[in-house]
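Novice: My questions will all concern the structure given below.
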Amino acid sequence: MTSNQSSSGFAHEMDARDSLAPIRNEFYFPKINGNDALYFCGNSLGLQPKTVESALLQELEDWKNWGVEGHFNAKNPWFPYHKMLTASLARTVGAIGTEIVCMNTLTVNLHLLMISFYRPTRNRYKIIMEAGAFPSDQYAMESQVRFHGFEPDDAIVEIAPRKGEYTLRTEDILDAINNHKDSISLVMFSGVQYFTGQRFDMKQITSAAHEAGGWGNDEATRFEMKKGFRPARGAEGWQISNAQVFQMAALRSSLSIFDQVELSDMYSKRDKLTGYLKSLLDGIISDFPNLPIKIITPETPSERGCQLSLLVENQGRELYHYLVENSAIVDWREPNVIRIAPVPLYNSFEDVYKLTTIIRTYFSTQFLD
Ligand SMILES: Cc1ncc(COP(=O)(O)O)c(C=O)c1O
């Protein structure tokens, strides 16, 4: 950190130069004590885009005026509603349109994917996954394994960080896939580990899984299903139920904001903003060397998203509550982690500066006591 970075002037200068700064005005910030909260929880629930309310009211109006005929006559007909989200979703995740269908919730979709792709046999039945995955992901794996008559302790191989480390080494993931290559049925990884903020190297993990004889079709033909399982059109073959119009209306409002920005600008701001947060936190850590805090998210920008996980021994909860009392909304994870997500679409450098000033004040007070 340069001394320049630790001044509020630096944050203002960065905000003044940020081409994405005006996008912040498209969102509502919760108010705390009459002021906009310092909101760092977009990795959990993002802020409400200002257009969501009118989008939902439109659907209520169409329901009121059309009843069931809204399926075809609503302003945005409900029957093909999910298709209106496909192009924007494909752009944000880097997929082609036929690889996308918007439906359900994450865990329901995990189950549906495993019904298609977890086809264990007597010899190939293991699932390789990261240790400490989000609990509902773990429960979904356990349920699927039991459903097929296997025991989770035997069938689920969890890869944990090495002793004294917090994140996984890609080489350890690849070794585990290779070591179990004759018994693997599925390799299952989140894109970004929710607790540590580690972004996994999906390309390498996917090709190692393919080599081990996992789901072997290449990207271009990913959804050309094997004989016996032939969805009509790409990912839409998984669609079940009518489109969930109210959730999708809110999601459409959000995606329309993503559509306004160049993704490369968003990623560049993500790296700058997260890097700025890291340098200010590093400054606190070096100014108070005995503090029991540590950033457990990988240092390399390509190995993280817009999240830093701060491990705080003993006083994590107290710090978390202190932040909330001082109008900062961050995310507490048992037993000792505060997740801080500076979101490039609506967080500013000034937000980051103010948040770290509160953290510094908290530790200064502790230090004086
Ligand atoms: C990392 C992660 N995985 C899974 C879930 C569960 O998602 P859903 O409720 O859509 O099944 C959540 C939701 O909080 C999550 O944050």
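Note that this note's numbering has the sequence shown beginning at 219, numbered continuously upward. Just so it is clear, CB atoms sit at the ideal spot from N, CA and C, and this is done for glycine as well.
State yes or no: is the C-beta of F413 nearer than 6 Å to some heavy atom of ligand 1?
Specialist: No; taking the cut-off as 6 Å, the Cβ of F413 has no heavy atom of ligand 1 nearer than that.
Novice: So, with DSSP's three-state summary, where would you put P353?
Specialist: helix
Novice: Excluding the five sequence neighbours on either side, which residues of its own chain have a C-beta within less than 6 Å of the C-beta of W433, listed in chain order?
Specialist: Unreliable placement is indicated for W433, whose pLDDT of 47 sits below 50; the coordinate value is still reported in the next sentence. Here the set comprises F335.
Novice: Helix, strand or coil: how does DSSP classify Y343 here?
Specialist: In the displayed model, Y343 falls within coil according to three-state DSSP, outside both helix and strand.
Novice: Given 6 Å as the limit, tell me if T492 has its C-beta closer than that to any heavy atom belonging to ligand 1.
Specialist: Every heavy atom of ligand 1 is 6 Å or more from the Cβ of T492, so no.
Novice: Going by other Cβ atoms of all chains shown within 10 Å of its Cβ, with 16 needed for buried, is K344 buried or exposed?
Specialist: buried
Novice: Reducing DSSP to helix, strand and coil, say where W597 ends up.
Specialist: Residue 597 falls outside the range modelled here, since the chain spans only 219 to 587, and no answer is possible.
Novice: Going by DSSP, what residue range makes up the beta strand (DSSP E) through L529?
Specialist: 526-530
Novice: I need the DSSP call for A438, collapsed to helix, strand or coil.
Specialist: In this prediction, A438 has a pLDDT of 41, which is less than 50 and means its spatial position is unreliable; what the coordinates show is noted afterwards. DSSP places A438 in helix when its eight states are reduced to three.
Novice: Quick one, which of L537, G350, N397 has its alpha-carbon nearest R342's?
Specialist: For the options L537, G350, N397, the alpha carbon positioned closest to that of R342 is the one of N397.
Novice: Which term fits D436, buried or exposed, when burial requires 16 or more other beta carbons within 10 angstroms of its beta carbon?
Specialist: Note that D436 has pLDDT 41, beneath the 50 cutoff, so the model's placement of it is unreliable and the number below is only indicative. With fewer than 16 Cβ atoms within 10 Å of its Cβ, D436 is classed as exposed.
Novice: I want to check one thing, is the minimum distance from the CB of F290 to the heavy atoms of ligand 1 below 6 Å?
Specialist: no
Novice: According to DSSP, is P370 part of a helix, a strand, or is it coil?
Specialist: It is helical.
Novice: What number of angstroms, rounded off, separates the C-alpha of G501 from the C-alpha of T304?
Specialist: 43 Å
Novice: Tell me, please, which residues DSSP counts as bridged to F522.
Specialist: For the sequence presented, residue 522 should be read as Arg rather than Phe. In the DSSP assignment, the residues bridged to R522 are Q416.
Novice: Exposed or buried, A234, counting other C-beta atoms within 10 Å across all chains shown (16 or more means buried)?
Specialist: With fewer than 16 Cβ atoms within 10 Å of its Cβ, A234 is classed as exposed.
Novice: Just the C-alpha distance for R387 and P507, rounded to the nearest angstrom, thanks.
Specialist: Roughly 27 Å separates the two Cα atoms.
Novice: Please confirm if the region 289-297 is in contact with the region 418-433, defined as three or more CB-CB distances below 8 Å between the two stretches.
Specialist: no
Novice: When you measure from the CB of T424 to every non-hydrogen atom of ligand 1, does any distance come out below 6 Å?
Specialist: no
Novice: Please check the pair T414 and I514, which I expect to be a contact at CB under 8 Å, by giving their CB distance rounded to whole angstroms.
Specialist: At roughly 5 Å, the Cβ-Cβ gap stays under 8 Å, so T414 and I514 are in contact.
Novice: So is the beta-carbon of T325 under 6 Å away from any non-hydrogen atom of ligand 1?
Specialist: Under cutoff, so the answer is yes.
Novice: So what's L238 in DSSP terms, helix, strand or just coil?
Specialist: coil
Novice: So A426 and L392 are in contact, right, with Cβ under 8 Å, and what is the actual spacing, rounded?
Specialist: For a cut-off of 8 Å, the C-beta gap from A426 to L392 is around 5 Å, short enough to register as a contact.
Novice: For T385, count the other beta carbons within 10 Å of its own beta carbon; 16 or more makes it buried, fewer makes it exposed. Which is it?
Specialist: buried
Novice: Grab me the residues of E360's own chain with a C-beta within less than 8 Å of its C-beta, minus the 5 sequence neighbours each way, in chain order.
Specialist: P370, I374
Novice: If you pair each beta-carbon of the region 475-484 with each one of the region 542-558, do three or more pairs fall below 8 Å?
Specialist: no
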